[in-house]
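Taking this note's numbering, I'd label the letters of the sequence shown as residues 491 to 588. We treat Cβ as the ideally placed atom computed from N, Cα and C, and that holds for glycine. Read through the structure below, which is laid out as structure tokens, and then see the notes.
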Amino acid sequence: RDGTYHQGTVWSWLLGPFALAHHAVYGDPEQALALLEGLANHLDEGCIGSVSEIMDGDAPHAPRGCFAQAWGVSETLRAFHSLTHERARSNTTRAVGD
Numbered sequence: 491r492d493g494t495y496h497q498g499t500v501w502s503w504l505l506g507p508f509a510l511a512h513h514a515v516y517g518d519p520e521q522a523l524a525l526l527e528g529l530a531n532h533l534d535e536g537c538i539g540s541v542s543e544i545m546d547g548d549a550p551h552a553p554r555g556c557f558a559q560a561w562g563v564s565e566t567l568r569a570f571h572s573l574t575h576e577r578a579r580s581n582t583t584r585a586v587g588d
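This is the structure:
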């Protein structure tokens, strides 16, 4: 692989931990979930329902590498599940506190 493989690419598996870290720092599950929204359209391209290994760092963030990467899918799903659970929990807490 050439030198650009590790320079300027977006590794899909890191988007989940990034969204969870954002939530840990700022405490807003909606903002953290918004970070994952960019992958929604990607799920309908290439290997349907999967996430590519890497994407270009610059827009339009074209998929590269493996067209179906298990850890990209699993980390995105893990973060999505955790953040939607946290959003529901915070909405319940807010409703009870009103």
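Neighbour-count burial assignment, residue i, 16 or more Cβ in a 10 Å radius
i: residue 552; result: exposed
i: residue 517; result: exposed
i: residue 550; result: exposed
Test item: CB-CB of residue i and residue j under 8 Å
i: residue 566; j: residue 510; result: no
i: residue 543; j: residue 528; result: no
i: residue 508; j: residue 533; result: no
Nearest to residue i (by Cα), restricted to the options the options
i: residue 576; options: 513, 526 and 531; result: 513
i: residue 573; options: 508, 560, 523 and 515; result: 523
i: residue 570; options: 530, 581, 515 and 495; result: 530
One or two residues paired with residue i in a DSSP bridge
i: residue 499; result: 546
i: residue 579; result: For residue 579, which the question treats as bridged, DSSP gives no partner whatsoever.
i: residue 554; result: 544
Sequence-distant residues of its chain with Cβ nearer than 7 Å to residue i (five each side left out)
i: residue 568; result: 506
i: residue 539; result: 533
Contact set for residue i: own chain, Cβ-Cβ below 6 Å, skip 5 residues either direction
i: residue 562; result: 502, 503 and 541
i: residue 557; result: 536, 537 and 542
Same chain, Cβ closer than 8 Å to residue i, neighbours up to 5 away in sequence not counted
i: residue 498; result: 546, 547 and 548
i: residue 520; result: 577
i: residue 560; result: none
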